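Below is one structure, written out as structure tokens; the observations come after it.
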Amino acid sequence: MTWPTYIPLWPLSFSPTLWFALTLVIAVLLGEGLVRYLKLPRIVGYFCTGLLLGPAGLGMIPELPAVEWRLVVELALGILLFELGCKVNLRWLKANPWIAYTSLLEAGATFAALFGLLMWF
Numbered sequence: 121m122t123w124p125t126y127i128p129l130w131p132l133s134f135s136p137t138l139w140f141a142l143t144l145v146i147a148v149l150l151g152e153g154l155v156r157y158l159k160l161p162r163i164v165g166y167f168c169t170g171l172l173l174g175p176a177g178l179g180m181i182p183e184l185p186a187v188e189w190r191l192v193v194e195l196a197l198g199i200l201l202f203e204l205g206c207k208v209n210l211r212w213l214k215a216n217p218w219i220a221y222t223s224l225l226e227a228g229a230t231f232a233a234l235f236g237l238l239m240w241f
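Structure (structure tokens):
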């Protein structure tokens with residue numbers, strides 16, 4: 121008797137998409153747990169979880185070329201910037217203009233230092 125083609129063979133094999141989705145779910149759960157346990161900002165929990173599960177840690181998230189990760193990275197940065205924009209209080213920033221000036225000065229100094237360093241090498 122032959123095995124019917126409509127019944128999957130056992131053991132079932134995981135597709136790469138399913139493995140990636142499960143890894144992301146684990147990462148979110150670990151990140152949220154780390155954030156609540158250590159009372160740190162959410163981005164720190166996600167960063168530490170990514171470091172742990174990524175190629176430098178346990179290797180659950182493979183090291184792929186940047187072209188394959190570009191969409192995911194752009195979506196993540198978009199969400200991060202959206203959340204950051206929601207947290208900025210413009211009235212408070214107008215009441216404390218030196219913080220805005222200091223931030224702009226720090227960003228300009230960092231840019232100038234990195235530009236000079238990269239041009240030197």
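Residues in the sequence shown are numbered consecutively from 121, following our numbering.
Heads up, the beta-carbon is just placed ideally off N, CA and C, and yes, glycines get one too.
Nothing here was measured: the structure is a model prediction, and the numbers come from that model.
A residue is called buried when at least 16 other Cβ atoms come within 10 angstroms of its Cβ; Gly165 meets this threshold and is buried. In this structure Leu173 touches Ile181 by the C-beta definition: roughly 5 Å separates them, less than 8 Å. By the 16-neighbour rule on beta-carbons within 10 angstroms, Gly151 is buried. Per DSSP, the continuous alpha helix (DSSP H) segment holding Ser223 begins and ends at 217–240.
DSSP, reduced to helix, strand and coil, places Ile127 outside both helices and strands of the structure shown, so it counts as coil. Around the C-beta of Ala232, fewer than 16 other C-beta atoms lie within 10 Å, and the residue is accordingly described as exposed.
For Leu154, the number of other beta carbons within 10 angstroms of its own is at least 16, and it is reported as buried.
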